[in-house]
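If you're matching positions, the sequence shown starts at 6 in the working numbering and goes up one per residue.
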Amino acid sequence: SNIFVSLLRKQIPAGVRIPIFILIICTFVTMADMLLEAFLPPMYEALGIFVPLIVVNCIVIGRAEAYANRNPVLPSIADGIGISIGFAVALMLIGSIRELLGTGKIQFVMLMAKGGVPGFYPIGELSLPVEPAIVMITPPGAFLTIAALMLLFKITGDRKRVRQLRKEGHEI
């Protein structure tokens, strides 16, 4: 990852430096995880969740460097809570899209107790009338989903900026 960060450092704008570094590191961690699974299954099993935790740790450190390192405690607490909620929503959105496109359906569940036994119980299902794309439930499917969402957010943001500039009287 250091090779790529060093090669790209002059092309990466300062405002997106940390997210790009995180993306590069996450890519290499994911590749290492996949190689372990393919070629060293006992090592992969022994490491379990620890390799993917490197990715999450990288995100947490990146946010700490970007915000908490430069702000007082209370705003940093609020930022941490907000970022945690946003991260959870993002993971659910990415997971839901991948599940729907990769398996063709999403099952909705509710956490409740039935007969004194707590658990997740099905309450509904959403199905697609087309053949699922199996690639979407693999790691490359996650990258495709994230890329599509980033493109969607970029287009939406650009359209908002254009409307704002027109509203201010600028010609575009």
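Glycine included, every Cβ here is placed at the ideal spot set by N, Cα and C.
If you draw a straight line from the C-alpha of Gly53 to the C-alpha of Cys63, how long is it? 18 Å
Identify the continuous beta strand (DSSP E) that holds Met117 and give its terminal residues. Lys110 to Lys119
For Gly87, count neighbouring C-beta atoms within 10 Å of its own C-beta (all shown protein chains included) and say buried if the count is 16 or more, exposed if not. With fewer than 16 Cβ atoms within 10 Å of its Cβ, Gly87 is classed as exposed.
Residues bridged to Val122 by DSSP? Lys119
With 16 other CB atoms within 10 Å as the buried threshold, where does Gly20 fall? Here Gly20 is exposed: its Cβ has fewer than 16 other Cβ atoms, across all protein chains shown, within 10 Å.
Does Ser132 come out as helix, strand or coil in the three-state DSSP assignment? strand
Whether Ile27 touches Gly67 by CB criterion (7 Å): Their beta carbons are under 7 Å apart, which means Ile27 touches Gly67 by this criterion.
In this structure, does DSSP put Pro18 in helix, strand or coil? coil
When the distance is taken between beta carbons, is Leu131 closer than 7 Å to Ile111? The Cβ atoms of Ile111 and Leu131 sit closer than 7 Å to each other.
Specify whether the segment 131-141 and the segment 102-116 touch according to this definition: at least 3 beta carbon pairs, one from each stretch, less than 8 Å apart. yes
Beta-carbon proximity of Ser11 to Phe33, cut-off 7 Å: no
Find out if the Cβ-Cβ distance for the pair Phe113, Gly129 is shorter than 7 Å. yes
Contacts around Val56, its chain only, beta-carbon distance under 6 Å, and the 5 residues preceding and following it disregarded: Asp38
Where Pro127 falls: helix, strand or coil (DSSP): strand
Element boundaries [alpha helix (DSSP H), containing Asn7]: Asn7 to Leu13
What's the call for Gly146, buried or exposed, on a 16-neighbour Cβ count within 10 Å? buried
Boundaries of the alpha helix (DSSP H) in which Glu70 is found, first to last residue: Phe55 to Ala71
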